[in-house]
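For the sequence shown, my numbering assigns the number 7 to the initial residue and increments by one for each residue that follows. We treat Cβ as the ideally placed atom computed from N, Cα and C, and that holds for glycine. Predicted model only: the values in this text are computed from it and were never measured. Single-structure report; data block below.
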Amino acid sequence: MKMIKLPDGTEIPAIGQGTWNMGDDESRRHDEIQALRTGIDQGLFVIDTAEMYGKGRSECLVREAIINRRDEVFLVSKVLPSNAAYEDVLEACNRSLERLGTDYLDMYLLHWRGAVPLAETVAAFEQLKEVGKIKRWGVSNFDTDDMEELWNVENGKNCATNQVLYNLTARGIEYDLIPWHQEKRVPIMAYCPLAQGDRQEILQNGAVRDLAKKYEVSVSQIALAWTVQTGQVLSIPKAGQAAHVIENAEAGNLILSKEDLAKLNKEFPPPTSKVPLEVV
Numbered sequence: 007m008k009m010i011k012l013p014d015g016t017e018i019p020a021i022g023q024g025t026w027n028m029g030d031d032e033s034r035r036h037d038e039i040q041a042l043r044t045g046i047d048q049g050l051f052v053i054d055t056a057e058m059y060g061k062g063r064s065e066c067l068v069r070e071a072i073i074n075r076r077d078e079v080f081l082v083s084k085v086l087p088s089n090a091a092y093e094d095v096l097e098a099c100n101r102s103l104e105r106l107g108t109d110y111l112d113m114y115l116l117h118w119r120g121a122v123p124l125a126e127t128v129a130a131f132e133q134l135k136e137v138g139k140i141k142r143w144g145v146s147n148f149d150t151d152d153m154e155e156l157w158n159v160e161n162g163k164n165c166a167t168n169q170v171l172y173n174l175t176a177r178g179i180e181y182d183l184i185p186w187h188q189e190k191r192v193p194i195m196a197y198c199p200l201a202q203g204d205r206q207e208i209l210q211n212g213a214v215r216d217l218a219k220k221y222e223v224s225v226s227q228i229a230l231a232w233t234v235q236t237g238q239v240l241s242i243p244k245a246g247q248a249a250h251v252i253e254n255a256e257a258g259n260l261i262l263s264k265e266d267l268a269k270l271n272k273e274f275p276p277p278t279s280k281v282p283l284e285v286v
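Quick look at the structure:
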């Protein structure tokens with residue numbers, strides 16, 4: 007499994023587990039819990055959730071999945087921009103910790119920008135670090151100008167990641183955001199690495215299917231492996247079935263050649279100019 011390094015030197019696998027929409031359907035609960043546990047067994051120990059997901063139901067599901075295994079997991083959750091004021095961040099974090107059944111988060115993210123000044127939210131994150139409730143913090147859905155603004159806020163340079171949309175059909179961040187992150191040595195977390203509405207565009211693409219045959223893997227594994235080739239991106243696909251989680255883990259060991267990447271670039275061209283940040 008490829009590993010990426012956080013700014014503080016911590017190494018985590020390049021593929022983790024997302025939980026968006028997990029916990030919403032009680033009939034899937036058993037399979038979703040087993041999928042998360044299988045992921046931990048496979049080395050996908052980064053689990054990403056958020057207070058927004060199912061209004062806390064996702065966090066509660068994660069709590070059940072990691073019971074007695076907290077020390078094996080790198081746990082990430084996110085605070086809504088409506089809770090980004092100083093006191094609200096502290097209270098929201100406490101609620102997330104309670105739902106997750108833990109006394110600390112490995113990473114806490116601002117889900118997206120709202121009306122609250124970044125300096126106030128950062129101050130709350132730093133306070134949470136001070137008292138040991140979070141180990142590090144980051145942001146989500148921040149474009150390059152947002153990151154520049156954050157960098158100029160007091161303690162803003164302590165940001166450990168930026169979680170954004172990234173997949174073969176959504177490559178806009180390669181023009182300026184990824185280079186900015188590489189310069190600052192702050193890794194990207196990629197959500198929806200297998201796309202959402204555009205998923206069939208990837209899965210039915212001839213070049214992707216040819217590469218899947220070449221490596222004797224699934225088309226999803228090719229698409230997922232592509233997102234982590236640079237060593238600067240952590241992808242967090244959601245998988246509600248154990249078999250899919252195992253596939254995702256195997257994708258972390260797949261190395262695409264320069265020729266392979268050139269074929270994918272032809273089918274899914276990289277940006278040649280600034281593209282507004284895409285969000286889902």
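Residue from the options with nearest C-alpha to residue i
{"i": "tryptophan 232", "options": "Asp152, Leu50, Lys264", "result": "Lys264"}
{"i": "serine 241", "options": "Gln247, Gly258, Ala248, His250", "result": "Gly258"}
{"i": "lysine 244", "options": "Val223, Glu104, Asp37, Leu283", "result": "Asp37"}
{"i": "asparagine 89", "options": "Glu78, Arg69, Leu116", "result": "Leu116"}
{"i": "methionine 9", "options": "Pro193, Ser146, Pro199, Lys219", "result": "Pro193"}
{"i": "isoleucine 46", "options": "Lys61, Met28, Ile73", "result": "Ile73"}
{"i": "arginine 1", "options": "Gly237, Asp30, Leu12", "result": "In the structure displayed, the chain extends from 7 to 286; residue 1 sits before or after that span and is not available."}
{"i": "glutamine 40", "options": "Ala248, Leu283, Ile261, Leu262", "result": "Ala248"}
{"i": "arginine 119", "options": "Leu86, Ile208, Val281", "result": "Leu86"}
{"i": "aspartate 152", "options": "Glu132, Glu136, Trp186", "result": "Trp186"}
{"i": "valine 79", "options": "Asn168, Leu106, Glu273", "result": "Leu106"}
{"i": "leucine 103", "options": "Val214, Glu126, Arg76", "result": "Arg76"}
{"i": "glutamine 210", "options": "Phe51, Ser146, Leu283, Thr175", "result": "Thr175"}
Delimiting residues of the alpha helix (DSSP H) encompassing residue i
{"i": "aspartate 266", "result": "264 to 273"}
{"i": "tyrosine 114", "result": "Run containing tyrosine 114: none in the alpha helix (DSSP H); it sits in the beta strand (DSSP E), 113 to 116."}
{"i": "proline 19", "result": "Premise fails: proline 19 lies in the beta strand (DSSP E), 17 to 19, not in any alpha helix (DSSP H)."}
{"i": "asparagine 100", "result": "92 to 106"}
Distance CB(residue i)-CB(residue j) smaller than 8 Å
{"i": "alanine 98", "j": "glutamate 57", "result": "yes"}
{"i": "lysine 139", "j": "tyrosine 110", "result": "yes"}
{"i": "leucine 67", "j": "threonine 25", "result": "yes"}
{"i": "arginine 177", "j": "proline 19", "result": "no"}
{"i": "valine 285", "j": "leucine 171", "result": "yes"}
{"i": "alanine 166", "j": "leucine 12", "result": "yes"}
{"i": "valine 122", "j": "glycine 162", "result": "no"}
{"i": "tyrosine 21", "j": "leucine 230", "result": "Residue identity differs from the one stated: residue 21 is isoleucine in this sequence, not tyrosine. In contact: isoleucine 21 and leucine 230 (Cβ atoms closer than 8 Å)."}
{"i": "tyrosine 181", "j": "lysine 272", "result": "no"}
{"i": "valine 225", "j": "arginine 215", "result": "yes"}
Where residue i sits in the DSSP three-state scheme
{"i": "valine 251", "result": "helix"}
{"i": "methionine 153", "result": "helix"}
{"i": "phenylalanine 287", "result": "Nothing can be reported for residue 287: it is not among the residues displayed for the chain, which extend from 7 to 286."}
{"i": "aspartate 37", "result": "helix"}
{"i": "alanine 218", "result": "helix"}
{"i": "alanine 125", "result": "helix"}
{"i": "glycine 22", "result": "coil"}
{"i": "glutamine 169", "result": "strand"}
{"i": "alanine 257", "result": "helix"}
{"i": "leucine 81", "result": "strand"}
{"i": "glycine 144", "result": "strand"}
{"i": "isoleucine 228", "result": "helix"}
{"i": "lysine 163", "result": "helix"}
{"i": "alanine 176", "result": "strand"}
{"i": "lysine 61", "result": "helix"}
Contact test: residue i Cβ vs the ligand NAP heavy atom, cutoff 7 Å
{"i": "leucine 171", "result": "Here there are no bound small molecules, and the ligand NAP is not part of this structure."}
Span of the beta strand (DSSP E), counted from its first residue to its last, around residue i
{"i": "leucine 183", "result": "Looking at the DSSP string, leucine 183 is not in any beta strand (DSSP E); the run it does join, the alpha helix (DSSP H), is 183 to 190."}
{"i": "isoleucine 194", "result": "194 to 197"}
{"i": "alanine 239", "result": "According to the sequence as given, residue 239 is valine; it is not alanine. First-last of the beta strand (DSSP E) with valine 239: 239 to 241."}
{"i": "aspartate 30", "result": "No beta strand (DSSP E) contains aspartate 30, which DSSP labels as neither H nor E."}
{"i": "isoleucine 53", "result": "52 to 54"}
{"i": "alanine 10", "result": "Going by the sequence as given, residue 10 is isoleucine instead of alanine. Its beta strand (DSSP E) spans residues 9 to 11."}
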